[in-house]
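>
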Amino acid sequence: MKTDKLFLIISREFLIRVKKKSFIFLTILTPIFFAALVVLPSLIMTLSSGEEGQKILVVDKSAVCAAFFKNSKEFNYEFNANANIDALKKDFANSGYYAMVEVSPLDSNLNVAVTALSTKQLNIDTKKEIENSVQKAVEKNKLQKYNIENLDTILKDIKTNVNIKTFTIGEEGDEKVGMVEIYMAIAYISSFMIYMFIFMFGSMVMRGVIEEKTNRIVEVIISSVKPFELMLGKILGVGSVALLQFIIWVGLTVGIIFGVSSFIGVDKLAGNDQVTSSVMGGAGAGDMASVTASLSENNSPMNDIMSALSGVDFVSIILAFLAYFILGYLLYASMFAAVGSAVDNEADTQQLIFPVTLPLIIGLFIMIHTFQYPDSTLSFWGSMIPFTSPMVMMARAPFGVPAWEMALSIGLLFGTFLFMTYVSAKIYRVGILMYGKKATFKDLIKWLKY
Amino acid sequence: MSIISCNNVVKKFNQFTALDSVSIEVPKATVFGLLGPNGAGKTTLIRIINQITVPDSGTVFFNGKQIQQSDIAYIGYLPEERGLYKKMKVGEQALYLARLKGLSHADANRELKQWFIKFGIQAWWNKKVEELSKGMAQKVQFIITVLHKPSLLILDEPFSGFDPINVQIIRNEILNMKANGTTIILSTHNMESVEELCDNIALINKSKLIISGGLEQIRRDHGRNEVELLYRSDSQVNVVSNSLYTLVSDEDHKGARRAVLEVTKGSKSSEVLGELITKVDIVSYKELIPRMNDIFIKLVS
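Protein sequences, first through last, are from chains A and B. The C-terminal position of the first sequence is numbered 450 in the numbering used here, with every residue numbered one higher than the one before it. The C-terminal position of the second sequence is numbered 751 in the numbering used here, with every residue numbered one higher than the one before it.
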């Protein structure tokens, strides 16, 4: 094999795609979109937290709550137990109050009913704050009925805040700060990336092969280079595009997030518990949201995240990621190329592409299971079988995987990649010269013997 | 000296035999016509010479040595199923394909510029292939095939998609290259081109070699030793069979008479003419050599 010719093919495949406008747009806009997803909610919260010093009238008919409402930057509470609510309602817009809270008198069980009136819908933070204040007041009032001595001291004394710090024990018995949410986030991002890139760029290889066939250029080229060199050149060229896009995506996303957060302040982004948790909780976007929300409930989440991050073995995770990213792509790309070689146009791929995409999709399902149960039997086998291992092992890796399992899995993947490339190349070299008749699986198997 | 010799080449695709022990010799600096009906195995043989396909048995020699991968640098191949990347610019693409053949960037660039000037198509350099007409693209494709000055040129249906003017340009180029020592293997269904260009031919049918050899020899071998005589005459009966020839037909023909005579074996043209000249006013006298078209149909059907 002449390496200079191979390099020529790789660089053409690479440049032709990188120069495309669609590639440039997708590569630059996607990280902006990702970063916006992370930054925008906090940014909006910071910018639109409303005017300061708005007045809220509290009509406290229970006579126990007033002391529990604390003035904040945003809200000043005024108390008037005898205010005429009906009169105020009629002309509330001109009363100068942002909202009016009515607390009913205590009933026989010492409970109260609370109503809040405002011209605009109360936002969720304000509502929570009012609820908290009244709840504390009523609870304390109930406790006082028991006539316990030194109640305040006791309450202060029993106040606890439980926060589990998890550690993982390494092989040498050393402890690492563990944080399951962080691991899940890393697992989620890295395995999903692998799934997405294999699918995206595998199909790109397939389309490239079909294009050469429909353009009828393929026989012109293979009179100069071997079919295998053409296939390999395309796979490696498209693979370089994938790698470039990945690096730009990661670089830009991280850059934008850090850039914006240094601009508006890190505390607003990560430290403002209520903001983040309510936003993420409100969005309710599955795992990631709950991960972030639970992170934010800690007192100093940034510190814990940082110490947990420092406990993550990034070097081995990145190495594993690159190994699975590259080998996974190579394994599937050659199969996509074989399918592309067997058809005359993209519409005909439906039937033949199924056995290629099926293991990918199975891998995706196992991967989702693995986030929850990284050490289950299914996760183990999923991370060993080469067709699913790139996704499943990356879902396991951040939680810690024994070195022998990792080595075996990569070894199996590498061996399968070599074998599948050999098989695919055999199908490819026959398929690219076949026109007209729609190929079936039987044909593909026959071609192996040509 | 043959540039290509195939010895008993066999290629099977599972049950189907594409080539059944085919042997051909292609002499240097000649045009070799590879003929046969569709599906006869011509393309398979061409692909074996190009080392795209490996034969099951038999050997191919290139310049007397068993052909090897590095020899493709000396072969130019214009496949029947041909095309270019539609989205790529003409010049960029021609450079790419030339460099795949092993030319350096500088050499390829210089040669290409010369060809573009020769064909008067400099303005196409920065056009995308999809902007070209089919004939224009074929021209570019031809240039790409011959750019690296191959010593063996294999052309599969080179004239398809060309108008008569361009067909003539390509024919002239082929003869030109032959004069410069290039060997050309020409596979085509256009028998007129075969008669005009080929020195030798091979006819393959149903995966077997049916006939091969010099074109003129084959044509003569398939003739019945007939001559066509055009003459002027006032009277009705002028030519009659005798010991030198047998009259096959005699009829009015565009203001003259046209007679077909089967010449008796052993008699010479000079004798026949000497006999005729005393009887009629001869307009023309020529040997009737069968058209390749007729031979093709006769042998294949």
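We put the CB at the ideal spot given by N, CA and C, even for glycine.
When we look at the beta-carbon of A:Q351 and count the other beta-carbons within 10 Å, is it buried (16 or more) or exposed?
Taking every protein chain shown into account, the CB of A:Q351 has fewer than 16 other CB atoms within 10 angstroms, so this residue is exposed.
> Have a look at A:I317, A:G328, A:V238 and A:A185 and flag the residue whose alpha-carbon is nearest the alpha-carbon of A:K19.
A:V238
> Residues of chain A with CB closer than 8 Å to the CB of B:Y546, please, in chain order.
L8 and R12
> Give, in chain order, every residue of the stretch 459-489 of chain B whose Cβ lies closer than 8 Å to some Cβ of chain A.
Along the stretch 459-489 of chain B, the positions whose C-beta sits under 8 Å from a C-beta of chain A are F463 and N464, read in chain order.
> Nearest CA to the CA of B:L738: which residue from B:P608, B:R708 and B:G673?
B:G673
> Three Cβ pairs or more, each shorter than 8 Å: is that satisfied between the stretch 688-700 of chain B and the stretch 719-739 of chain B?
yes
> So with CB distances below 7 Å, who are the chain B contacts of A:R216?
Neighbours of A:R216 on chain B, chain order: E531, R532 and G533.
> Take B:L550 as the anchor and find which of A:K226, A:F380, A:L236 and A:G436 has the nearest alpha-carbon.
The candidate whose alpha carbon is nearest that of B:L550 is A:K226.
> Could you tell me which uninterrupted beta strand (DSSP E) segments, each at least 3 residues in length, are contained entirely in the stretch 579-666 of chain B, listed from first to last along the chain?
602-606, 633-637, 650-655 and 658-664
> Can the beta-carbon of A:K437 be found less than 8 Å from the beta-carbon of A:S341?
no
> Would you list the residues sitting across from A:C65 in a DSSP beta bridge?
The partner list for A:C65 (beta bridge, DSSP) is empty, contrary to what the question assumes.
> Using DSSP with H/G/I as helix, E/B as strand and the rest coil, what is B:G724?
helix
> On the criterion of 16 or more Cβ atoms from any shown chain inside 10 Å, does A:Y467 qualify as buried, or is it exposed?
Summary: the structure shown does not reach residue 467 of chain A, with chain A confined to residues 1 through 450, and so no result is reported for it.
> In whole angstroms, give me the CA-to-CA distance for B:E678 and B:N630.
37 Å
> Please go through the same chain and pick out, in chain order, the residues whose beta-carbon is closer than 7 Å to the beta-carbon of B:K461, but skip the five residues on each side of it.
A468, L469, T494, I498, T503, P505 and D506.
> Can you give the Cα-Cα distance for B:V596 and B:V459, rounded to whole angstroms?
27 Å
> Report all residues from its chain with a CB closer than 7 Å to the CB of A:Y435; omit the five preceding and five following residues, and keep chain order.
Taking C-beta separations shorter than 7 Å and ignoring five residues to either side along the sequence, the partners of A:Y435 in its chain run D344, following chain order.
> What's the gap between the Cα of A:D348 and the Cα of A:K127?
58 Å
> Which residues in the same chain have their Cβ closer than 6 Å to the Cβ of B:K658, if we skip the five residues on either side of it in sequence?
D470
> At a CB distance below 7 Å, what residues from the stretch 213-239 of chain A approach chain B? Give them in sequence order.
N215, R216, I217, E219, V220, I221, I222, S223, S224 and V225
> Would you please verify whether the beta carbon of A:K449 is less than 8 Å from any beta carbon of chain B?
True, the Cβ-Cβ gap to chain B drops below 8 Å.
> Please confirm if the stretch 367-382 of chain A is in contact with the stretch 228-247 of chain A, defined as three or more CB-CB distances below 8 Å between the two stretches.
By the Cβ rule, the stretch 367-382 of chain A does not count as touching the stretch 228-247 of chain A, because fewer than three pairs are nearer than 8 Å.
> How big is the Cα-Cα spacing for B:Q519 and B:T480?
23 Å
> Helix or strand or just coil, what does DSSP make of A:T115?
Strand at A:T115.
> Which partner residues does B:H703 have in the DSSP bridge list?
B:A706
> Is there a C-beta anywhere in chain B that falls below 8 Å from the one on A:K442?
No, its Cβ sits nowhere closer than 8 Å to a Cβ of chain B.
> Quick one, which of B:G585, B:E475 and B:D606 has its alpha-carbon nearest B:D613's?
B:G585
> What whole-angstrom Cβ distance do A:V112 and A:L106 have, given they're in contact under 8 Å?
6 Å
> When you compare the stretch 611-626 of chain B with the stretch 641-651 of chain B, are there three or more beta-carbon pairs, one atom per stretch, that lie closer than 8 Å?
yes
> Which residues, in order along the stretch 667-696 of chain B, keep a beta-carbon less than 9 Å from a beta-carbon of chain A?
none
> A:Y329 CB to nearest chain B CB: under 8 Å?
no
> In this structure, does DSSP put A:N298 in helix, strand or coil?
For A:N298, the pLDDT reaches just 44, beneath the cut-off of 50, and the residue's location in the model is therefore unreliable, leaving the point undetermined.
> Counting only beta-carbon atoms, is B:Y524 nearer than 8 Å to chain A?
no
> Would you check if the stretch 135-147 of chain A and the stretch 59-66 of chain A touch, i.e. whether three or more CB-CB distances between them fall below 8 Å?
yes
> Compare the C-beta of A:Y435 against all C-beta atoms of chain B and say whether one is closer than 8 Å.
yes
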